[in-house]
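*Asks:* Residue 618, in this note's numbering, is where the sequence shown stops; the numbers in between run on with no holes.
The beta-carbon is built from N, C-alpha and C at its ideal position, and this holds for glycine as well.
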Amino acid sequence: MSGSWERELDEAARKLDGADTLAFGGVGLAGQILPVTEAYRTLEQGLREHPEAARKRIDRLLRRGSPAGRAYAATLLEAVDPAAGRDAWARLRGDDGEFTTFSGCLMGRTTLGEYAADRLAGAQSS
Numbered sequence: 493m494s495g496s497w498e499r500e501l502d503e504a505a506r507k508l509d510g511a512d513t514l515a516f517g518g519v520g521l522a523g524q525i526l527p528v529t530e531a532y533r534t535l536e537q538g539l540r541e542h543p544e545a546a547r548k549r550i551d552r553l554l555r556r557g558s559p560a561g562r563a564y565a566a567t568l569l570e571a572v573d574p575a576a577g578r579d580a581w582a583r584l585r586g587d588d589g590e591f592t593t594f595s596g597c598l599m600g601r602t603t604l605g606e607y608a609a610d611r612l613a614g615a616q617s618s
């Protein structure tokens, strides 16, 4: 039986599948929360409340999503399964797909491979 939470997870995965921007918090001077950030948070909550269903969507996103979508998926995976997250980042290191990043007011551009390498470097120094 399909519940509203399943539709919410599906919608969140669809938004991240086409994401071209990576932002985990508010962006710009107004601190606006982007729709992709809300979608990320929906899947993050789904991992706590419906782990198997959310994990299936995250695994699919990791295989088929946009570069930003795969970065969101690897971040989510890393939070619940650090070893699987490291493996995902390692596989993504060679990807030259680009996306926009936001850290508060600062906007940047990177490739998925560069972002993955940074995540792996940060994990090794922890």
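Would you call the region 548-555 and the region 521-531 touching, i.e. three or more CB-CB distances under 8 Å?
*Replies:* The region 548-555, when compared against the region 521-531, does not touch it at the 8 Å Cβ threshold.
*Asks:* On the criterion of 16 or more Cβ atoms from any shown chain inside 10 Å, does residue 561 qualify as buried, or is it exposed?
*Replies:* Taking the sequence shown and counting its residues from 1, one reaches residue 561 at position 69. Counting Cβ neighbours within 10 Å, residue 561 comes out buried, since at least 16 surround it.
*Asks:* Would the beta-carbon of residue 568 fall within 8 Å of that of residue 544?
*Replies:* For the purposes of this step, residue 568 is taken as residue 76 along the sequence shown, with counting starting at 1. For the purposes of this step, residue 544 is taken as residue 52 along the sequence shown, with counting starting at 1. In this structure, residue 544 does not lie closer than 8 Å to residue 568 by Cβ.
*Asks:* Have a look at residue 574 and residue 541 and give me their C-alpha separation to the nearest angstrom.
*Replies:* In the sequence shown, the residue the question calls residue 574 occupies position 82. In the sequence shown, the residue the question calls residue 541 occupies position 49. Each residue's alpha carbon lies about 19 Å from the other.
*Asks:* What residue range does the beta strand (DSSP E) around residue 521 cover?
*Replies:* Here residue 521 refers to the residue found at position 29 when the sequence shown is read from its first residue. Here residue 521 belongs to no beta strand (DSSP E), and DSSP marks it neither H nor E.
*Asks:* Have a look at residue 566 and residue 606 and give me their C-alpha separation to the nearest angstrom.
*Replies:* Residue numbering aside, residue 566 sits at position 74 when the sequence shown is read from its first letter. Residue numbering aside, residue 606 sits at position 114 when the sequence shown is read from its first letter. For residue 566 and residue 606, the distance between alpha carbons rounds to 14 Å.
*Asks:* Report buried or exposed for residue 618, applying the criterion of at least 16 other Cβ atoms within 10 angstroms of its Cβ.
*Replies:* If you number the sequence shown from 1, residue 618 lands on position 126. With a pLDDT of 44 at residue 618, under the threshold of 50, the predicted position of this residue should be treated as unreliable, though the coordinate-derived value follows. So residue 618 counts as exposed.
*Asks:* To the nearest angstrom, how far is it from the Cα of residue 608 to the Cα of residue 512?
*Replies:* Position 116 of the sequence shown holds residue 608. Position 20 of the sequence shown holds residue 512. Near 16 Å, if we compare the C-alpha coordinates of residue 512 and residue 608.
*Asks:* Can you tell me whether DSSP reads residue 585 as helix, strand or coil?
*Replies:* On the sequence shown, residue 585 is found 93 positions in, with the first residue counted as 1. If DSSP states are grouped into helix, strand and coil, residue 585 belongs with coil.
*Asks:* For the beta strand (DSSP E) that contains residue 595, what are its first and last residues?
*Replies:* Looking up residue 595 in the sequence shown gives position 103. 590-595 is the span of the beta strand (DSSP E), which, as asked, contains residue 595.
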